[in-house]
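Peer 1:
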Amino acid sequence: MRRTLFRPVAALLLATALSAPSLAAPSATAEPASVASLVKAVDIPYDAFTLDNGLRVIVHTDRKAPVVAVSVWYHIGSKDEPKGKTGFAHLFEHLMFNGSENANEDFFKPLESIGATDLNGTTWFDRTNYFQTVPTGALDRTLFLESDRMGHLLGAIDKTKLDNQRGVVQNEKRQGDNEPYGLVEYAQLAALFRTSIE
Numbered sequence: 104m105r106r107t108l109f110r111p112v113a114a115l116l117l118a119t120a121l122s123a124p125s126l127a128a129p130s131a132t133a134e135p136a137s138v139a140s141l142v143k144a145v146d147i148p149y150d151a152f153t154l155d156n157g158l159r160v161i162v163h164t165d166r167k168a169p170v171v172a173v174s175v176w177y178h179i180g181s182k183d184e185p186k187g188k189t190g191f192a193h194l195f196e197h198l199m200f201n202g203s204e205n206a207n208e209d210f211f212k213p214l215e216s217i218g219a220t221d222l223n224g225t226t227w228f229d230r231t232n233y234f235q236t237v238p239t240g241a242l243d244r245t246l247f248l249e250s251d252r253m254g255h256l257l258g259a260i261d262k263t264k265l266d267n268q269r270g271v272v273q274n275e276k277r278q279g280d281n282e283p284y285g286l287v288e289y290a291q292l293a294a295l296f297r298t299s300i301e
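Using the working numbering, the letters of the sequence shown correspond one by one to residues 104 to 301.
Here you go:
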């Protein structure tokens, strides 16, 4: 029984594979597109303007879904920390989620209550960013929360919040350092930038 089914099934699979252009072998004469030409072909329309306070705003409108992606980037990161005072950029990233003077609760709670998804923040050498996706009706509330933590964070930080987040950041560093090859990044960066990286 297997033998009689094998031939028709094999013939059908072979015929399908040969007739599917996506599965056919690529032409030997076709040159792959250069990265530069692929990037040049991408055209995402946007508006950019600067507010009176210096904040640069970039807006791309896409009405396919009733959501808004909000992403706030600060041009500051670990490269701006003085030697011996490392970790502050990452610590402040964490503190920004612990409430502000006019919204003194966990930053996630009010956003999750209005339907926010994909909310978080990251720190790198030259930037710190925060992002969330919210329903369009929640844009005003989201921008208020972002602006409040941008301008009114310090009055909401107390010793308990500071100690808690300091411990979290230190633990995240230990976890990264203790991963396989976790310390290799320090050696790579020191070799690339000819400096010591803590």
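In this text, a Cβ means the ideal position worked out from N, Cα and C, and glycines have one as well.
(1) Since aspartate 209 and glycine 218 are thought to touch, with beta carbons under 8 Å apart, how far apart are those beta carbons, to the nearest angstrom?
(2) Specify the secondary structure class of alanine 293 as computed by DSSP and reduced to three states.
(3) Please name the residue, chosen from Ala172, Leu295, Val142, that lies closest to glycine 240 on a Cα-to-Cα basis.
(4) Going straight from the alpha carbon of threonine 236 to that of asparagine 205, what length do you get?
(5) So, at 7 Å on beta carbons, what are the nonlocal neighbours of glutamate 134 in its own chain, with the 5 sequence-adjacent residues on each side left out?
(6) Could you check which residue in Asp251, Met253, Gly180, Gly190 has the C-alpha nearest to that of glutamate 275?
(7) Could you tell me whether the segment 215-231 touches the segment 175-182, using the rule of 3 or more Cβ pairs below 8 Å?
(8) Helix or strand or just coil, what does DSSP make of glycine 180?
(9) Under the assumption that histidine 197 contacts glutamine 268 (Cβ atoms under 8 Å), give the Cβ distance between them as a whole number of angstroms.
(10) In chain order, which alpha helix (DSSP H) runs of at least 4 residues are fully inside the segment 187-267?
(11) Taking only three categories from DSSP, how would you classify alanine 133?
(12) Could you say which of His193, His255, Ser174 lies nearest to threonine 220 if we only look at CA atoms?
(13) On the criterion of 16 or more Cβ atoms from any shown chain inside 10 Å, does arginine 105 qualify as buried, or is it exposed?
(14) Mind reading off the beta-carbon distance from methionine 199 to glycine 224? Whole number of angstroms is fine, and I expect it under 8 Å.
(15) Could you please give the first and the last residue of the uninterrupted beta strand (DSSP E) stretch that includes valine 162?
(16) Relative to the alpha-carbon of lysine 212, which residue among Asp183, Lys182, Asp280, Arg244 has its alpha-carbon at the smallest distance?
(17) Is DSSP giving alanine 172 helix, strand or coil here?
(18) Let me confirm a value: tyrosine 289 is counted as buried when at least 16 other C-beta atoms fall within 10 Å, else exposed. Which label applies?
(19) To which residues of the same chain is leucine 248 closer than 6 Å at the C-beta, ignoring the five residues directly before and after it?
Peer 2: If we stick to the structure as given:
(1) Not confirmed; about 16 Å, so no contact.
(2) helix
(3) Ala172
(4) 22 Å
(5) none
(6) Gly190
(7) yes
(8) coil
(9) 4 Å
(10) 191-198, 211-216, 242-254
(11) coil
(12) Ser174
(13) For arginine 105, the predicted model reports a pLDDT of 42, less than 50, meaning its position is unreliable and no value from the coordinates is stated.
(14) 7 Å
(15) 159-162
(16) Arg244
(17) strand
(18) exposed
(19) Ala206
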